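Student: Please read through the structure below; I'll follow up with questions.
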Amino acid sequence: MASPLSDVLSAANAALADFPAPENIDHGTRMQLLATMDKLRAALEPPRLTVLKHCLSYYVITAVRVGQGMGIFDAFANAEGPTKQLTADALHEKTKGERELLVRLMRYLSAQGIFKEVGKETYEASPLALELTSVGGDAVKHFYLNMRTSSFLYEYFEKNGYVTPSEAYDAPFQFAHSTKQHFFEFLDSSPEDQAAFNSVMTMSRTAGGVHWHQFYPVAERLQGISPDRVLLIDIGGGVGHDISTFKAAHPSISGKLIVQDLPQAIAGIKSPLPEGIEAMGYNMFDVQPVTGAKAYYMRTVLHDWPDKQALEALAQIKTAMAEDSLLLINENTLPESNVSPVTGTLDLVMMQTFSSLERTEKQWVALLEKAGFEVLKVWKPDSSHVTDALYEAVPKKSA
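When we follow the UniProt record's numbering, the leftmost residue of the sequence shown carries the number 1, and every step to the right adds one.
And the structure:
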């Protein structure tokens, strides 16, 4: 009689033999399968092996970053033929550095499944390797910077008595990099890091495939205003990806659209924005120059700031609002318990980089109420695998 583990193994092998293409897998089904696989791995993996895996995991991002510097990923992206194969000699001709280091690095990257060794010193790029030539590669650059900050967390908390950081200019980031600059000021002085950050913010705005205007009643709440009035301002909207998606989904909606961000972020807009969208350099702690807009919208902006600065930014919006204006805050929202590994990690990223946090729904509502707003409704997508929520608020009548 077959054991339960044998049955699981047989079922898994049978499924893999006829597995659908990634683009044909429903997002919800994908997330359910990944969660089940994580549980299966946790049940199978001895704790000591798990410890070893965690201890060695940082080498992946380190090796990829070195490979980027050498030009390995660009070489494969530009390789001829559909299989994207290169020998060590051919790869050496297209990259920086010595051949011995190249072979050792390719050995490691192949062991991680990023490349495949199809013969002696002959390599083929996987879909993952090709992803690392685009926005995935920018994510590595950005989180390599985060990793350099993380490596000083122990020393930071030893020095500061293991107290949660709360000052925007005295976070672990400043400690790790021996600087008094805020993270965004640091980006302004580092064009490569700024470009990687802009790219990653574009990626995070599409995670899960659900946009805020797909679960928020746009027709009911936003339509019917004068064409001369500003319909929506995307404050801290980066290179305009989110507002461009909104425009594409509602091409005939009336009113002007504006994306605002720091001048250095606006400078990162390389392609013309869709017609009808204006880009405006703006610091959200300054007086809001656009008054009376129908909706003031922010997506994953306030989570970058502790309450002190978040309240300052909200005060500038509140002052600019008309009687019928709406505040729309689209943010990652932590559950009260049992967070996912990704959202739990992002909370630590906020802490170390900004002295901020990923907030729960109660914390977001409390913050908005403290800023003088009344939360009309918290809108959420149907999918249980997306942690986004949209907080719709108006100024309190008595405030």
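Positions of the beta carbon are idealized from the N, C-alpha and C atoms, including for glycine.
All values reported here derive from a predicted model rather than from experimental measurement.
According to DSSP, simplified to helix, strand and coil, what is Trp-364?
Tutor: Helix at Trp-364.
Student: According to DSSP, what are the bridge partners of Glu-331?
Tutor: The partner list for Glu-331 (beta bridge, DSSP) reads Ala-389.
Student: If contacts are defined as beta-carbon pairs under 8 Å, then Thr-387 and Thr-360 qualify, I think. What distance do you get, rounded to the angstrom?
Tutor: Not confirmed; about 11 Å, so no contact.
Student: Verify whether the separation of the beta carbon atoms of Leu-101 and Ala-75 is less than 9 Å.
Tutor: No. Outside cutoff.
Student: Rounded to whole angstroms, what's the CA-CA distance from Phe-184 to Lys-120? Just pull it up for me.
Tutor: Whole-angstrom Cα-Cα distance: 46 Å.
Student: Is Leu-257 near Ile-243, with beta carbons less than 9 Å apart?
Tutor: In contact: Leu-257 and Ile-243 (Cβ atoms closer than 9 Å).
Student: Under the assumption that Leu-326 contacts Leu-390 (Cβ atoms under 8 Å), give the Cβ distance between them as a whole number of angstroms.
Tutor: Not confirmed; about 11 Å, so no contact.
Student: On a Cα-Cα basis, can you pick out the residue from Asn-146, Val-375, Ala-293 and Gln-352 that is closest to Ala-196?
Tutor: Minimum Cα distance to Ala-196 is reached at Asn-146.
Student: Answer with buried or exposed for Ala-207, where buried requires no fewer than 16 other C-beta atoms within 10 angstroms of its C-beta.
Tutor: Residue confidence for Ala-207 is low, a pLDDT of 47 falling below 50, so the modelled location carries little weight; the figure read from the coordinates is stated next. With fewer than 16 Cβ atoms within 10 Å of its Cβ, Ala-207 is classed as exposed.
Student: How would you write the range of the alpha helix (DSSP H) that Leu-145 sits in, first residue to last?
Tutor: Run containing Leu-145: 135 to 150, per the alpha helix (DSSP H) assignment.
Student: State the beta-bridge partners of Tyr-123 as determined by DSSP.
Tutor: Bridge partners of Tyr-123: Leu-86 and Glu-117.
Student: Would you call the segment 312 to 326 in contact with the segment 347 to 355, where contact means no fewer than 3 C-beta pairs closer than 8 Å?
Tutor: Output reads no: the segment 347 to 355 does not touch the segment 312 to 326.
Student: Alpha carbon to alpha carbon, what distance is there between Val-51 and Ile-266?
Tutor: The alpha-carbon atoms of Ile-266 and Val-51 are separated by roughly 43 Å.
Student: Which of helix, strand or coil does DSSP assign to Gly-240?
Tutor: DSSP places Gly-240 in coil when its eight states are reduced to three.
Student: Report the start-end ranges of each beta strand (DSSP E) in the segment 219 to 302 that is 3 residues or longer and not cut off at the edges.
Tutor: The segment 219 to 302 contains these whole beta strand (DSSP E) runs: 230 to 235, 256 to 261, 277 to 281 and 295 to 299.
Student: Quick check on this structure: which residue in Gly-281, Ile-72, Tyr-144 and Lys-318 has the alpha carbon closest to the alpha carbon of Lys-294?
Tutor: When each option's Cα is compared against that of Lys-294, the closest is Lys-318.
Student: Roughly how many angstroms lie between the CA atoms of Gly-67 and Asp-188, to the nearest whole one?
Tutor: Those two C-alpha atoms are separated by around 25 Å.
Student: Just how far apart, CA to CA, sit Pro-217 and Thr-245?
Tutor: Pro-217 and Thr-245: Cα-Cα distance of roughly 16 Å.
Student: Below 6 Å CB to CB, which residues in the same chain sit around Pro-381 once its five sequence neighbours on both sides are set aside?
Tutor: Result list for Pro-381: Val-210 and Phe-215, in chain order.
Student: Note down, in chain order, each residue of its chain lying with its Cβ closer than 7 Å to the Cβ of Tyr-144, except the 5 sequence neighbours on either side.
Tutor: Excluding positions up to five away in sequence, the list reads Ile-61 and Arg-65.
Student: Within the same chain, show all residues whose beta-carbon is closer than 6 Å to that of Asn-330, passing over the 5 residues directly before and after it, in chain order.
Tutor: Excluding positions up to five away in sequence, the list reads Trp-212, Arg-299 and Leu-390.
Student: Label Gln-112 either buried or exposed according to how many other C-beta atoms from any shown protein chain fall within 10 Å of its C-beta, with 16 as the threshold for buried.
Tutor: It counts as exposed.
Student: Nearest CA to the CA of Phe-186: which residue from Leu-262, Ser-166, Gly-137 and Ala-139?
Tutor: Answer by Cα proximity: Leu-262.
Student: For Leu-314, count neighbouring C-beta atoms within 10 Å of its own C-beta (all shown protein chains included) and say buried if the count is 16 or more, exposed if not.
Tutor: Buried is the call here.
Student: Buried or exposed: which applies to Ser-6, given that a residue is buried once 16 or more other Cβ atoms fall within 10 Å of its Cβ?
Tutor: So Ser-6 ends up on the exposed side.
Student: Have a look at Trp-379 and Trp-364 and give me their C-alpha separation to the nearest angstrom.
Tutor: Approximately 13 Å, taken between the alpha carbons.
Student: For a minimum of 4 consecutive residues, which ranges assigned as the alpha helix (DSSP H) are wholly contained in the segment 164 to 210?
Tutor: Counting only runs of 4 or more, we get 172 to 177, 183 to 188 and 191 to 204.
Student: So is Asn-160 buried or exposed if we call it buried at 16+ other beta carbons inside 10 Å?
Tutor: Exposed.
Student: Classify Phe-76 as helix, strand or coil using the three-state DSSP reduction.
Tutor: Correct three-state label for Phe-76: helix.
Student: Return the CA-CA distance between Ile-269 and Val-200, expressed in angstroms with no decimal places.
Tutor: The alpha-carbon atoms of Ile-269 and Val-200 are separated by roughly 14 Å.
Student: Output the distance between the C-alpha atoms of residue 404 and Gly-71, rounded to the nearest integer angstrom.
Tutor: Residue 404 is absent from the structure shown; the chain starts at 1 and stops at 399.
Student: Can you tell me which of the three DSSP states Leu-132 falls into?
Tutor: Reduced to three states, the DSSP call for Leu-132 is coil.
Student: Take Ile-277 and list the residues in its own chain whose beta-carbon comes closer than 8 Å to its own, dropping the five residues that flank it on each side.
Tutor: Excluding positions up to five away in sequence, the list reads Gly-240, Ile-243, Ser-244, Lys-247, Leu-257, Ile-258 and Val-259.
Student: Roughly how far, in whole angstroms, is the beta-carbon of Glu-117 from the beta-carbon of Tyr-123, given that I think they are within contact range, below 8 Å?
Tutor: At roughly 6 Å, the Cβ-Cβ gap stays under 8 Å, so Glu-117 and Tyr-123 are in contact.
Student: Less than 9 Å between the C-beta atoms of Met-284 and Ile-235, yes or no?
Tutor: Yes; because the gap between Cβ atoms is below 9 Å, this pair is in contact.
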